[in-house]
Amino acid sequence: MAEQPPDAATQWDARFSHPAYVYGTQPNDFLVEMASRLPPGGRVLSLGEGEGRNAVYLASLGHAVTAVDASSVGLQKAKQLAVERGVNIETRVSDLAHFTFAPEAWDAAIVIFCHLPPALRRRVHGALVKSLRPGGLVLLEAYTPAQLGFRTGGPPVEELLYTAEALREDFAGLELPVLRELTREVREGTLHTGRAAVVQLVGRKAT
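Position one of the sequence shown corresponds to residue 69 (the numbering used here), numbered consecutively onward.
Next comes the structure, spelled out in structure tokens:
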């Protein structure tokens, strides 16, 4: 989800009101690749979760997942998907500009294609670091400015796109075993489809 004008909820409610899951129901490939790094059965926070595909996947692995999104419509579809898959997730409707990050509350967090304006991005990522427990992980994938040349998904505005350098600064308090920019095929519903330029990060808080 790309934030964060005052009408973010209205914008995303409209997008998610389509009967189909516009970003699909299968989890993000990078999340699947890195999921084994997450603490077993941990409390996981998913920011900008949208229609629930990633939260439901993590719940199927035994994690206690809280999905946050500005769109109540998206999170209602997330709950429906969880029921269909036989798992439970917690949902919280919140604009990330107003979400409260409790200190050392989470074993892990995922931030998948959740694009924020620079000032809000830095604030949210900084708060996220503080909200991780010692040893906690953050998994993030986002589009880079090179994505503007592909036009296969993501915000069409460069300031909403992320670079490895910016993320290194945002997550300066974490060890970064994975931080890379690459081009890969992204096939997620109808809105993320095709060759894409992405940045991927795994951050770990010291114990």
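Think of the CB as a built atom: it goes at the ideal place given N, C-alpha and C, for glycine as much as any other residue.
1) By Cβ distance, which residues of its chain are closer than 7 angstroms to G257, with the 5 residues on each side in sequence left out?
2) What residue range does the alpha helix (DSSP H) around R43 cover?
3) Return the chain-ordered list of same chain residues with a C-beta closer than 8 angstroms to the C-beta of V155, the five sequence neighbours on each side being excluded.
4) Per the DSSP calculation, W174 is bridged to which residue(s)?
5) Three-state secondary structure (DSSP) at E243?
6) Taking only beta-carbon atoms, is R255 less than 7 angstroms away from chain B?
7) Can the beta-carbon of A195 be found less than 7 angstroms from the beta-carbon of A138?
8) Three Cβ pairs or more, each shorter than 8 angstroms: is that satisfied between the segment 205–213 and the segment 175–194?
9) Shortest alpha-carbon distance to L216 belongs to which of G204, Y230, L99, A176?
10) For D175 versus R201, is the C-beta distance shorter than 7 angstroms?
11) Ends of the beta strand (DSSP E) at L269?
12) With a threshold of 16 other CB atoms inside 10 Å of the CB of A70, please say whether the residue is buried or exposed.
13) Alpha carbons only, please: which of D81, L188, E101, R153 is nearest the one belonging to E227?
14) Looking at L242 and R272, is the spacing between their C-beta atoms short of 7 angstroms?
15) Within 10 angstroms of its Cβ, does K145 collect 16 or more other Cβ (buried), or is it exposed?
16) How far does the alpha helix (DSSP H) with L99 in it reach, from first residue to last?
17) Can you give the Cα-Cα distance for L99 and E119, rounded to whole angstroms?
18) Taking the alpha carbon of R153 as the reference point, which residue from P95, G262, V197 has its own alpha carbon closest?
19) Verify whether the separation of the beta carbon atoms of I157 and V133 is less than 7 angstroms.
20) Let me know if A264 comes out buried or exposed under the rule of 16 or more other beta-carbons within 10 Å of its beta-carbon.
With the given structure in hand:
1) For the purposes of this step, residue 257 is identified with residue 189 of the sequence shown, where counting begins at 1. Scanning its chain for C-beta atoms nearer than 7 angstroms, with the 5 sequence neighbours on each side dropped, one finds around G257 the residues Y89, V90, Y91, G92, in chain order.
2) With the chain covering 69 to 275 only, the question about residue 43 has no answer from this structure.
3) Within the sequence shown, residue 155 is the residue found at index 87, counting from 1. Here the set comprises V124, A127, S128.
4) As a first step, residue 174 must be located in the sequence shown, where it is residue number 106. The beta-bridge partner set that DSSP reports for W174 consists of L200.
5) Here residue 243 corresponds to residue number 175 of the sequence shown, with the count starting at 1. When secondary structure is reduced to three states using DSSP, E243 falls in the strand class.
6) Protein chain content of the structure displayed is limited to a single chain, and chain B is not contained in it.
7) By one-based count along the sequence shown, residue 195 stands at place 127. By one-based count along the sequence shown, residue 138 stands at place 70. No, the pair does not count as a contact, with Cβ atoms beyond the cut-off.
8) In this structure the segment 205–213 lies against the segment 175–194, because at least three pairs of beta carbons, one per stretch, are closer than 8 angstroms.
9) Here residue 216 is taken as the residue at index 148 of the sequence shown, counted from 1. Closest option to L216, Cα to Cα, is Y230.
10) Taking the first residue of the sequence shown as position 1, residue 175 is located at position 107. Taking the first residue of the sequence shown as position 1, residue 201 is located at position 133. D175 is a Cβ neighbour of R201, given a cutoff of 7 angstroms.
11) The residue given as residue 269 occupies position 201 in the sequence shown. Its beta strand (DSSP E) spans residues 260–272.
12) Numbered from 1 along the sequence shown, position 2 holds the residue referred to as residue 70. For A70, the pLDDT reaches just 41, beneath the cut-off of 50, and the residue's location in the model is therefore unreliable, although a value from the coordinates is still provided. The residue is buried, with at least 16 neighbouring Cβ atoms inside 10 Å.
13) For the purposes of this step, residue 227 is identified with residue 159 of the sequence shown, where counting begins at 1. The candidate whose alpha carbon is nearest that of E227 is L188.
14) Stepping through the sequence shown from its first residue, residue 272 is reached at position 204. Stepping through the sequence shown from its first residue, residue 242 is reached at position 174. Yes. Within cutoff.
15) Counting from 1 along the sequence shown, the entry for residue 145 is found at position 77. By the neighbour-count criterion, in which 16 or more other beta carbons inside 10 Å mark a residue as buried, K145 falls on the buried side.
16) Here residue 99 refers to the residue found at position 31 of the sequence shown. Per DSSP, L99 belongs to the alpha helix (DSSP H) from 97–102.
17) On the sequence shown, residue 99 is found 31 positions in, with the first residue counted as 1. On the sequence shown, residue 119 is found 51 positions in, with the first residue counted as 1. L99 and E119 have their C-alpha atoms roughly 16 angstroms apart.
18) Within the sequence shown, residue 153 is the residue found at index 85, counting from 1. Ranking the options by Cα distance to R153, first place goes to P95.
19) Taking the first residue of the sequence shown as position 1, residue 157 is located at position 89. Taking the first residue of the sequence shown as position 1, residue 133 is located at position 65. At the C-beta level, I157 and V133 come within 7 angstroms of one another.
20) Position 196 of the sequence shown, counted from the first residue, corresponds to residue 264. Counting of Cβ neighbours within 10 angstroms places A264 among the buried residues, the total reaching 16 or more.
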